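Read through the structure below, which is laid out as structure tokens, and then see the notes.
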Amino acid sequence: MGLGKTVQAIAVAYAFRQEWPLLVVVPSSLKYPWIEELERWIPELQPGDINLVDSKSDTMGISSSKVTVLGYGLLSTDARPLVEALTRQQFAVVVVDESHYLKSRNAARTKIVVPLIQSAKRAILLTGTPALGRPEELFMQLDALYHKSFGTWTDYAKKYCNAHYRYFGPRRLWDCRGASNLKELHQRLSQIMIRRLKVEVLSQLPPKIRQRIPFDLPKEAVKEASASFAQWERLMKGLRSGVVAADNPFTEVMSLVTQMYKQTAIAKAGAVKDYIKMMLEAEQLKFLVFAHHLTMLQACTEAVIEAKAGYVRIDGRVSSSERIQLVHKFQSDPETRVAILSIQAAGQGLTFTAASHVVFAELYWNPGHIKQAEDRAHRIGQTSSVNVHYLIAKGTFDTFMWSMLNKKETVTGSTLNGRKEYLKAAEGDKDKWEFLSFANMWTPGEMVLPLEGNSRDFEKDKQHDIRSFFSPSASKEKKRKRTEDEETSPSMSSETSATEHVGSSSPGALASLMAPRKLSEPDPGLTWSCGACTYSNSSLLPYCERSSSAAGSGRMKQQVITNHLIYPHFTLIHQLHFPDCKSHWIDGAPLNLSFIPLDIKLTNWDDLPEAFSRLRENRIQVLRFVQEWSSLAAMKQKLLQRSGLLFHSPTLGLQQLANTQRPHSSTKRSDSKEVAQASLSKAQQEGGSVRMLTKENFTKRRSDKQSCETVDEQPSSEWGYLQAVDSQGVPLCLSCQQACPTTGGAWDTRFCSHRCQEEFQLRSSQTYMRSRVLEAEQGICQHCGLQAHDLFLKVRDTQPSQRKEMLENTWLAQLSLKELNKMIRAPVEGDFWQVDHIRPVYSGGGQCSLDNLQTLCTVCHKARTAQQAKERSQMRKSVAASKVASDISRFFIRK
């Protein structure tokens with residue numbers, strides 16, 4: 001927990017690099033930090049050497065990479081292709097971070113990871129809390145490293161877990177949640193486990209000061225929680241006396257416990273809001289707020305918004321790539337003062353040393369998670385003492401949970417450290433926190449309001465506008481019919497995304513959201529002139545937007561002597577290769593050094609590799625590079641990051657990327673039938689066959705004669721792909737129809753390269769397209785500069801009664817009343833911003849790559865769609881007129 005386990009594990013793994021491939025299994029929130037540390041401490045690793053498994057079907061890079069980074073979240077029962085690919089790779093070195101994730105014997109991730117550990121030649125398990133609350137949580141980790149050394153599970157449970165039968169009324173249960181022979185277990189663990197404590201390693205780390213803040217709640221707020229607590233006490237008393245009225249008392253007990261936990265969160269939410277507002281009164285104070293239930297997280301968010309303070313929020317709905325961006329924002333932005341965090345989603349692995357206070361709005365079930373959450377701020381890099389405040393409501397489930405946490409802490413302390421330990425927390429000054437007892441009761445707001453009373457929210461402010469009398473009703477407008485060959489809308493339709501992202505806001509957020517962003521003028525070096533029509537095109541486009549002619553080959557080509565290596569899914573760490581001295585300039589020998597661009601901008605040369613500060617030529621080059629890189633648009637940066645090209649200048653890299661792109665023009669968005677038809681045609685041409693690929697059954701094949709006749713005759717109704725196989729049995733890529741690698745299973749051989757896989761997903765999945773554009777441009781409108789995604793997050797996290805005022809002060813207030821009222825009742829991402837095709841679909845921009853996509857807010861998207869619809873209408877009229885009009889030259893022809 002902040003003691004340098006990651007660096008030590010990397011050093012051990014590097015010592016056995018000759019035995020690689022290396023597998024790193026981590027929680028989802030730690031995937032990108034691990035990649036960052038790998039690139040930092042092993043600079044010889046190229047981006048192609050590190051493979052991040054993004055999904056359960058992303059198995060292509062496992063067999064070809066030196067290092068595979070995998071999240072626990074992908075290890076489930078339906079991840080059959082992934083599990084088979086991991087097993088085939090035969091990893092010789094395995095690193096498992098936060099190995100307490102393997103505590104459950106019956107969890108799918110345990111059943112998948114443990115065999116990989118046991119079959120590896122070297123295995124390293126990392127965790128600051130091997131057992132979160134009980135000795136039973138240690139067994140699977142011990143058995144993975146030393147199989148059968150502790151006997152069978154039954155032997156271990158009887159000896160160290162005080163396993164015995166326990167009766168809940170007439171029901172008998174095998175209870176192994178206890179502890180026994182802890183002294184012997186500690187001695188055995190000390191022989192196989194390296195246990196380091198902060199007092200031993202970080203003697204200069206500022207202290208961590210825990211404080212309990214007990215407070216009374218108003219009777220109205222605690223009424224339901226107190227009633228459930230009294231019912232639970234009566235039930236437990238009956239169980240101890242043997243008098244049980246329920247048929248299944250165990251289920252009733254657990255149901256009551258869960259109910260009390262939720263009711264306590266709601267009962268104390270009002271006091272937590274007041275406490276957060278009180279802390280925000282101290283200027284420049286940055287702190288963390290941990291909670292478990294979404295209702296409590298929502299109450300904390302409302303408190304920060306009402307105080308008009310900057311915040312970030314991370315819970316289970318945020319993606320891994322967004323989490324690391326929000327962490328960096330909290331660490332570097334002085335205006336972002338609060339981090340609202342889920343104990344499970346953000347309680348481990350992340351670094352929030354910019355905070356000096358940690359507030360627990362809720363307690364959790366075991367001390368391991370609590371201590372992990374505390375140490376997000378109390379870790380290497382912390383320069384001030386860390387104050388940890390536990391808000392404990394009297395007369396609620398909090399009092400029971402606090403005593404339970406201390407009881408579990410004594411067990412884990414005796415097991416792991418050889419001595420009893422407690423969550424020592426002094427009680428706060430009662431007079432200082434007395435105001436919490438008078439907090440107003442908080443009621444969770446409904447995220448979807450009923451239609452009654454809200455359908456005309458914006459009408460009051462707009463009903464006196466005479467223009468509304470002449471404006472046609474949106475419901476009366478006729479919808480234009482789309483045909484398969486002709487798309488009316490030139491840009492991507494606003495799909496309602498079911499994926500919610502957790503984001504951030506800053507003080508004066510509405511002002512920043514509305515602030516127009518000045519778009520930079522096009523750089524002459526980033527364009528090329530078409531030889532057919534002389535139109536000036538972006539260097540990213542391999543074709544002319546007007547004539548569709550291929551880009552000429554007469555553009556100046558320059559030798560690339562620098563390698564800009566960025567991991568495709570990470571945007572902060574850059575590896576730049578510079579010549580060591582003038583004698584190596586011609587050879588272009590790389591230095592393989594990594595750095596963070598922010599250090600260059602701030603001229604922190606002491607924190608940078610010595611080669612940058614030692615040679616003036618290298619310093620000039622890196623400064624020029626960072627300046628040029630920062631001037632690029634976000635989408636162009638993302639294109640370069642994913643390309644893996646070698647280049648000395650970002651501008652030259654973009655030109656090189658344009659030269660390597662395949663010309664593509666389509667007037668359709670995506671069509672699965674085209675893939676099937678292309679596979680059938682290729683199979684006929686090669687004299688081969690086709691096969692159906694599905695996740696569940698990905699080995700079925702079809703004979704040449706049956707499959708080449710029609711597409712409708714499919715052996716399975718499951719969704720999948722039809723893939724061509726040549727006469728030699730080699731599968732052909734679904735994207736480019738070139739030969740695929742033959743190693744791995746059928747699902748692994750869908751594409752010939754990562755580039756083809758990326759292009760195929762962009763063409764076939766609108767959800768994937770939105771996620772990639774959001775990752776690149778952060779939901780900022782490329783026309784007006786509106787921070788549309790941040791506005792969506794802010795509106796979503798605000799009480800419905802306050803959403804109208806928030807929206808009417810933004811650029812989106814121009815939308816119709818129906819659309820605005822929809823945003824108030826049930827805000828979704830697709831109502832705020834759209835993914836737009838730069839080159840319209842109707843002119844060949846369909847099924848495009850990332851360079852033809854941009855973010856537009858809904859207002860700008862509607863305006864651009866209307867303008868292009870007008871242009872298309874004029875084009876149709878011109879074409880129709882040319883067919884019936886007479887050519888005047890015929891008048892002068894002699895008959």
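Just so we're aligned, residue 1 is where the sequence shown starts under full-length UniProt numbering, counting upward by one. For every residue, glycine included, the Cβ atom is placed at its ideal position computed from N, Cα and C. Please read these numbers as outputs of a predicted model, since none were measured by experiment.
The segment 362-371 and the segment 307-326 do not touch, with fewer than 3 CB-CB distances between them shorter than 8 Å. Setting aside the 5 residues that flank it on each side, Gln348 is surrounded in the same chain by Pro27, Glu98 and Gln372, each with a C-beta closer than 7 Å to its C-beta; the list follows chain order. Contact between Val272 and Leu423 is ruled out by a C-beta separation of about 20 Å, above the 8 Å threshold. Ala739 and Val835 have their C-alpha atoms roughly 32 Å apart. Counting only runs of at least 4 residues, the segment 617-643 fully encloses the following alpha helix (DSSP H) elements, listed from N- to C-terminal order: 634-643.
DSSP places Ala303 in the uninterrupted alpha helix (DSSP H) bounded by Leu294 to Glu306. One alpha carbon belongs to Phe792, the other to Val358, and they sit about 28 Å apart. For the segment 815-892, the full-length alpha helix (DSSP H) segments reaching 4 residues or more read 817-825 and 858-884 along the chain. For Asn406, the enclosing alpha helix (DSSP H) begins and ends at Phe397 to Leu416. For His389, the enclosing beta strand (DSSP E) covers residues Val386 to Ala393. Counting along the chain, Tyr160 sits inside the alpha helix (DSSP H) bounded by residues Trp153 to Tyr160. Segment contact: the segment 294-309 against the segment 795-805, three or more CB-CB distances shorter than 8 Å; contact assigned. The alpha-carbon of Arg317 is positioned some 32 Å away from that of Phe215. Taking all protein chains shown into account, Tyr261 has 16 or more neighbouring C-beta atoms within 10 Å of its C-beta and is therefore buried. In this structure, DSSP gives Lys208 an extended state, which the three-state scheme calls strand.
In the DSSP annotation of this structure, the continuous segment of the alpha helix (DSSP H) that includes Gly368 starts and ends at Pro367 to Glu374. When secondary structure is reduced to three states using DSSP, Ile42 falls in the coil class, being assigned neither helix nor strand. Look at the segment 751-796 and you find these whole runs of alpha helix (DSSP H), each 4 residues long or longer: 754-764, 766-777 and 788-796.
A direct Cα-Cα distance of roughly 15 Å separates Phe397 from Arg212.
Going by C-alpha positions, Ala157 is about 49 Å away from Arg770. When DSSP states are grouped into helix, strand and coil, Gly71 belongs to the strand group.
DSSP places Asp175 in the strand class (E or B) of the three-state scheme. Thr336 has Gly310 as its beta-bridge partners, per DSSP.
With 16 or more other Cβ atoms inside 10 Å of its own Cβ, Asp851 counts as buried. Listed as beta-bridge partners of Ala425 by DSSP are no residues whatsoever.
With a threshold of 16 other beta carbon atoms within 10 Å, Gly4 falls short and is exposed. Note that the C-beta distance between Ala9 and Leu138 is not below 7 Å.
Exposure of Val879 is indicated by the presence of fewer than 16 other C-beta atoms within 10 angstroms of its C-beta. Taking the Cα positions, Asn181 is about 10 Å away from Gln187.
When secondary structure is reduced to three states using DSSP, Asp97 falls in the strand class. A distance below 7 Å separates the beta carbons of Thr77 and Ala108. Between the beta-carbon of Ala144 and that of Val114 there is about 5 Å, and that keeps the pair under the 8 Å contact cut. According to the DSSP assignment, Ser689 belongs to the beta strand (DSSP E) that extends over Ser689 to Leu693. The straight-line gap separating the alpha-carbon atoms of Gln637 and Glu775 is approximately 11 Å.
Under the 8 Å Cβ criterion, the segment 11-28 counts as touching the segment 83-95, having at least three qualifying pairs. Shown here, Pro47 sits in a helix according to DSSP, grouped into three states.
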